[in-house]
Every structure is written in C-alpha cells, then in structure tokens.
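Trainee: According to numbering that gives the first Met the number 0, numbering within the sequence shown proceeds without interruption in unit steps and concludes at 62. Every residue, glycine too, gets a C-beta built ideally from N, C-alpha and C. From a predicted model like this one, the values you see are computed outputs, not experimental measurements.
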Amino acid sequence: MTFALVGNNFAGTPAITLPIGFGNNGLPVSVQFATGPGGEALLLAFAYQLEAATRWWRHTPPL
Numbered sequence: 000m001t002f003a004l005v006g007n008n009f010a011g012t013p014a015i016t017l018p019i020g021f022g023n024n025g026l027p028v029s030v031q032f033a034t035g036p037g038g039e040a041l042l043l044a045f046a047y048q049l050e051a052a053t054r055w056w057r058h059t060p061p062l
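1) Using 8 Å for Cβ pairs, my map puts I19 next to L42. What's the rounded Cβ distance?
2) For P60 and L26, I'd like the C-alpha separation in whole angstroms.
3) Would you grab the beta carbon distance between G12 and G35 for me? Rounded to a whole angstrom, and I think it's under 8 Å.
4) DSSP state of T53, grouped into three classes?
5) For N7, I'd like the list of residues in its chain whose CB is within less than 6 Å of its CB, leaving aside the five on either flank, ordered along the chain.
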C-alpha cells in the first residue's frame, strides 16, 4: 500500500516526514506531520522529540 501527500507542498504550509519503522515487506515506512503557517518551530521541536524517543533514524533495512 502506498500513500503520497503533496497538499502541504502546494499550500506552502510546513510539513516534515520522519521514518517510523519497516513494513511487513521490509521496506521503510514514514509518517508526515504538518502545521499551519508560522508553525515551523513547533513542528521541528515535535520532530526532534519523536526522533529522540524512537531512534528509528538509526535503523537500516536488511539487505
């Protein structure tokens, strides 16, 4: 199953995509968070906390 969201890019609102693990097929899975205009600081702070708590960014898929 594949999902792609590009609405934030067209709207010009801040968004960030973060890795959150791997699917049953071994491919990386990610999640996207968005906020309204001017919410960059909140979005980056949230992303930083999520990455610090999960540390998924350190994992690599098996080859």
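Mentor: So, from the data block:
1) Between L42 and I19 the Cβ distance is about 16 Å, and since that is not below 8 Å, they are no contact.
2) Between P60 and L26, the C-alpha separation is close to 7 Å.
3) Here residue 12 is Thr; the residue named in the question, Gly, does not match the sequence. About 6 Å; that satisfies the 8 Å criterion.
4) Helix at T53.
5) Beyond the five residues adjoining it in sequence on each side, N7 comes within less than 6 Å, by CB distance, of A14, A33 in the same chain, given in chain order.
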